[in-house]
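Working notes, beginning with the structure itself.
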Amino acid sequence: MKNPSPEINPTMNKDISKVILVAAGAVLFNLVFWNEKLAINTVLFDAFLLSALFFLYPRARKHAIVNWLLLGHVVCLAMVVVHNTGLSKIAFTITLLLLAGFAGYTHRSAWFAGGSVLMNIVMVAASFVEPIKLSKGQAVKGKGFSRIIRFALLPLLLVIVFFCIYRLANNMFSEIAGQIELQLGIFFSHFFDFFSWQRLLFLLLGLLITGSVLLKSKLNYFSTREARMHDALLRCKIPLRKKREGTSFRFVEMIMGKMASGTLALKNENTTGIISLVLLNVLLLGVNLIDINFLWLNFQYKAGEPVYKMVHEGTELLIVSIVLAMAILLFFFKGNLNFYKRNRWLKYGAYAWIAQNGLLVCSVLLRDYYYILKHGLAYKRIGVLFFLLMVLVGLITVFLKIWSRKTNYFLFRVNAWAGITVMVLATTIHWDEFIAGYNLKRKDTVELDVPFLLSLSDKALPLLDTNIVVLQNLENKLKTDAERVGNVYGCNSCFTGQLKNREAEFVQKQKQYSWLSWNYADAITKRYFEKKKTIVSTR
1 MKNPSPEINP TMNKDISKVI LVAAGAVLFN LVFWNEKLAI NTVLFDAFLL
51 SALFFLYPRA RKHAIVNWLL LGHVVCLAMV VVHNTGLSKI AFTITLLLLA
101 GFAGYTHRSA WFAGGSVLMN IVMVAASFVE PIKLSKGQAV KGKGFSRIIR
151 FALLPLLLVI VFFCIYRLAN NMFSEIAGQI ELQLGIFFSH FFDFFSWQRL
201 LFLLLGLLIT GSVLLKSKLN YFSTREARMH DALLRCKIPL RKKREGTSFR
251 FVEMIMGKMA SGTLALKNEN TTGIISLVLL NVLLLGVNLI DINFLWLNFQ
301 YKAGEPVYKM VHEGTELLIV SIVLAMAILL FFFKGNLNFY KRNRWLKYGA
351 YAWIAQNGLL VCSVLLRDYY YILKHGLAYK RIGVLFFLLM VLVGLITVFL
401 KIWSRKTNYF LFRVNAWAGI TVMVLATTIH WDEFIAGYNL KRKDTVELDV
451 PFLLSLSDKA LPLLDTNIVV LQNLENKLKT DAERVGNVYG CNSCFTGQLK
501 NREAEFVQKQ KQYSWLSWNY ADAITKRYFE KKKTIVSTR
């Protein structure tokens with residue numbers, strides 16, 4: 001009686017499917033990204049990854065978080081093709097990794113999902129090898145392969161012998177065989193070029209990226225920990241005998257001593273919090289009144305004083321102070337102090353502190369606005385605007401946390417989603433082109449930083465070329481100023497020459513790419529220079 005065939009294990013088959021998909025993804029990554037830039041090829045690779053991801057984890061599509069994140073990811077993907085900026089590529093990568101975290105694990109917070117993805121990246125080698133070991137251990141042993149070799153050995157020897165005889169006896173057959181050998185030689189030469197050491201390392205990179213997205217680590221540390229997290233703050237009843245623990249309590253105990261424990265501990269903490277917030281509000285009120293008088297009502301650029309020193313200096317410290325202010329509120333409104341019946345004045349002090357920090361945000365915004373008004377747009381100045389937006393969101397969520405008795409988990413979860421939303425929306429603007437257009441349009445009122453403009457991405461080149469007269473005038477002015485003081489005019493200020501070099505480099509780079517690197521931003525720039533070349537040649 002024959003032994004029954006072993007039952008097919010669905011879990012093992014799924015694991016093998018993961019390995020096959022990861023290997024296929026690594027090969028696809030190698031084919032579409034080798035010596036190319038992230039562009040239309042990203043659509044091909046992303047379509048494969050998303051199809052494989054939702055094939056392996058079909059339940060993920062039922063979650064609203066995954067669907068909203070998928071929408072944001074598609075927006076980032078579209079912006080990679082349309083704008084092809086560094087920001088769009090970074091946002092595309094982040095949203096893709098977060099999709100993997102939410103699809104493979106049970107999460108609500110982007111922070112914990114990011115932790116799970118990081119675990120996937122660290123454990124990707126083990127996750128890839130383990131299914132292969134399992135399949136080998138459960139495979140049925142047989143002699144089929146060795147029997148095939150034995151049956152094929154004699155026929156192959158006979159074919160080789162008669163092939164040599166026919167080739168020597170028939171000239172036409174010999175020519176055809178020679179052509180076949182030539183083509184095989186060409187094929188294998190390209191084959192080994194394809195698998196160069198650089199290409200092999202690139203293949204391993206594709207294996208790492210694809211495996212990190214598709215393979216789920218068996219370590220569910222972050223999903224297990226998040227399962228214990230809640231949005232609503234719960235009151236904990238601590239027996240008098242049990243000593244309170246935690247880093248924050250030890251810090252309070254170090255300052256307040258015995259007043260931090262016992263039946264009056266919450267009352268003492270509430271009193272300390274009220275005194276602290278009253279003093280901090282009075283101090284911040286003085287700062288805000290000075291800013292209202294200096295920045296809001298009577299601001300003037302002082303002659304001979306650098307605008308950076310007068311306006312922008314200290315902005316970083318003010319931003320740090322706002323973030324520190326939110327941390328202080330989180331420190332005071334921890335645990336059972338939120339449920340203390342006599343914490344009304346503590347809450348009033350917190351609300352006033354939040355409102356005053358909101359006013360401080362407006363003052364920092366005005367500082368940045370005055371700096372932009374004088375010197376135009378730049379990356380850091382735009383970054384300050386986005387950071388202030390996130391700070392305002394943070395202040396609002398801190399208010400909601402205190403008002404509705406929410407946990408720190410709620411605070412960080414909501415702010416993470418707000419940050420992701422801002423990041424996705426920010427990708428819809430080509431900031432280099434926007435900066436160049438804004439500054440050149442206001443060339444009569446803004447002090448143009450031409451070296452900075454020349455360092456912008458290729459999409460800004462047509463705008464700079466359109467305004468080449470402006471660059472020539474600035475170049476002549478610098479040359480005249482240098483000659484007036486007896487200095488030698490250096491090529492560091494040859495703006496028109498640098499622009500021509502940038503244009504030549506762009507055209508040369510485009511010749512090195514295939515259709516896989518096509519994107520709308522480069523296509524528009526390329527079309528502009530082709531049209532310009534046609535106009536010049538017809539004159």
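Under this note's numbering, residues 1 to 539 are what the sequence shown spells out, in order. Note that beta-carbon positions come from the ideal geometry of N, C-alpha and C, so glycine has one too. Computed from a predicted structure; not experimentally measured.
| Exposed or buried, Lys459, counting other C-beta atoms within 10 Å across all chains shown (16 or more means buried)? | Buried: at least 16 other Cβ atoms inside 10 Å.
(Q) Whole angstroms are fine: how far does the CA of Thr496 sit from the CA of Leu289? (A) A straight line joining the alpha-carbon of Leu289 with that of Thr496 spans about 48 Å.
Next on the checklist: So for Ala47, helix, strand or coil by DSSP?
Outcome noted: Helix, per DSSP.
Next item on the list: Counting only the same chain and skipping the five closest in sequence on each side, list residues whose C-beta sits under 8 Å from that of Leu214.
Entry: Leaving aside the five residues that flank Leu214 on each side, the residues in its chain whose CB is nearer than 8 Å to its CB run, in chain order, Lys18, Leu21, Val22, Gly25, Leu49, Ala52, Leu53, Leu56 and Ala100.
Select from Lys302, Ile292 and Tyr409 the residue whose C-alpha is nearest the C-alpha of Leu234.
Of the candidates Lys302, Ile292 and Tyr409, the one whose C-alpha sits nearest the C-alpha of Leu234 is Tyr409.
| query | So is Val161 buried or exposed if we call it buried at 16+ other beta carbons inside 10 Å? | reply | Looking at its Cβ environment, which holds fewer than 16 other Cβ atoms inside 10 Å, Val161 is exposed.
I'd like to check one pair, Gln356 with Leu284: are the Cβ atoms closer than 8 Å? Yes, they are a contact pair.
- Given 8 Å as the limit, is there contact between the stretch 399-416 and the stretch 364-376, that is, 3 or more CB pairs closer than that? These segments do not touch.
- Alpha carbon to alpha carbon, how far is Leu207 from Val80? Looking at the backbone, the Cα of Leu207 and that of Val80 are separated by about 22 Å.
Collapsed DSSP secondary structure at Ala521 in the structure displayed:
Helix.
Round the Cβ separation of Leu329 and Trp353 to the nearest angstrom and send it over; I've been treating them as touching at under 8 Å.
-> At roughly 7 Å, the Cβ-Cβ gap stays under 8 Å, so Leu329 and Trp353 are in contact.
* Asked: Can you give the beta carbon distance from Met390 to Ala418, rounded, assuming they're within the 8 Å contact cut?
  -> About 7 Å; that satisfies the 8 Å criterion.
Problem - Rounded separation between Phe331 and Leu346 - CA only - result: Looking at the backbone, the Cα of Phe331 and that of Leu346 are separated by about 13 Å.
Which value, in whole angstroms, describes the spacing of the CA atoms of Thr106 and Met119? Distance between the alpha carbons of Thr106 and Met119 is about 14 Å.
| query | How should Arg342 be labelled, buried or exposed, when 16 other C-beta atoms within 10 angstroms of its C-beta is the threshold for buried? | reply | Exposed is the call here.
How would you write the range of the alpha helix (DSSP H) that Cys494 sits in, first residue to last? For Cys494, there is no enclosing alpha helix (DSSP H), since its DSSP letter is neither H nor E.
Look at the Cβ atom of Asn30, then the Cβ atom of Leu203, and state whether they are nearer than 8 Å.
-> A contact, by the Cβ cut-off of 8 Å.
* To do: May I ask you to report which of helix, strand or coil DSSP gives Ala100?
  => Collapsing the DSSP output to three states places Ala100 in a helix.
Q: Would you identify the three-state DSSP class for Leu240, choosing helix, strand or coil?
A: The pLDDT assigned to Leu240 is 42, lower than 50, so where the model puts this residue is not dependable; a value taken from the coordinates is nonetheless given after this. Leu240 falls in the coil class under three-state DSSP.
Q | Nearest-angstrom Cβ-Cβ length linking Ala416 and Trp111, presumed shorter than 8 Å | A | Confirmed, Cβ separation roughly 6 Å.
Next item on the list: Could you give the DSSP three-state label for Phe249: helix, strand or coil?
Entry: Because Phe249 carries a pLDDT of 43, less than 50, the predicted location of this residue cannot be relied on, and no value is offered for it.
Rounded to whole angstroms, what's the CA-CA distance from Arg167 to Ser196? Just pull it up for me. Between Arg167 and Ser196, the C-alpha separation is close to 35 Å.
query: So, is Ile255 buried or exposed, given that buried needs 16 or more other C-beta atoms within 10 angstroms?
result: Confidence is the limiting factor: at Ile255 the pLDDT is only 49, short of 50, which leaves the residue's position unreliable and the question unanswerable from this model.
ask   = How many Å lie between Gly286 and Gly86 at the Cα?
value = Each residue's CA atom was taken as its position, placing Gly286 and Gly86 some 42 Å apart.
Which parts of the stretch 451-488 are runs of the alpha helix (DSSP H), unbroken and 4 residues or longer, counting only runs that do not cross its ends? Entirely contained in the stretch 451-488, the alpha helix (DSSP H) runs reaching 4 residues are, in chain order, 461-466 and 468-484.
Report task. Check Ala126 in the structure and name its three-state DSSP category. Result -> Correct three-state label for Ala126: helix.
query = What are the residues that DSSP puts in a beta bridge with Lys406?
reply = Beta-bridge pairing links Lys406 to Ala232.
> Three-state secondary structure (DSSP) at Tyr105?
Replying inline: Residue state for Tyr105 is assigned as coil, using DSSP reduced to three classes.
Could you say which of Leu464, Leu478 and Asp481 lies nearest to Arg502 if we only look at CA atoms?
-> Out of Leu464, Leu478 and Asp481, Leu464 has the C-alpha closest to the C-alpha of Arg502.
- Completely contained alpha helix (DSSP H) runs for the stretch 404-451, where each covers 4 or more residues: The stretch 404-451 contains these whole alpha helix (DSSP H) runs: 408-426 and 431-441.
query = For Ala24, does the three-state DSSP call read helix, strand or coil?
reply = DSSP places Ala24 within a helical segment (H, G or I) once states are collapsed to three.
- prompt: For the alpha helix (DSSP H) that Asn545 lies in, which residues bound it at each end?
  reply: No answer is possible for residue 545: the residues shown for the chain start at 1 and end at 539.
*asked:* Contact defined as beta carbons within less than 8 Å: I believe Thr525 pairs with Leu453. What is the distance between those atoms, to the nearest angstrom?
replied: Between Thr525 and Leu453, the beta carbon gap of about 15 Å keeps them out of contact (Cβ cut-off 8 Å).
### Message
Buried or exposed for Lys258, going by 16 or more other Cβ atoms inside 10 Å?
### Response
Here the model assigns Lys258 a pLDDT of 46, short of 50, so the residue's position is not dependable, and the following value carries that caveat. It is exposed - the Cβ of Lys258 has fewer than 16 other Cβ atoms within 10 Å.
**Prompt:** Among the residues of its own chain, which have a CB less than 6 Å from the CB of Ser457, if the five just before and after it don't count?
**Reply:** Sequence-distant Cβ neighbours of Ser457 in its own chain, meaning closer than 6 Å and more than five residues away, are Asp432.
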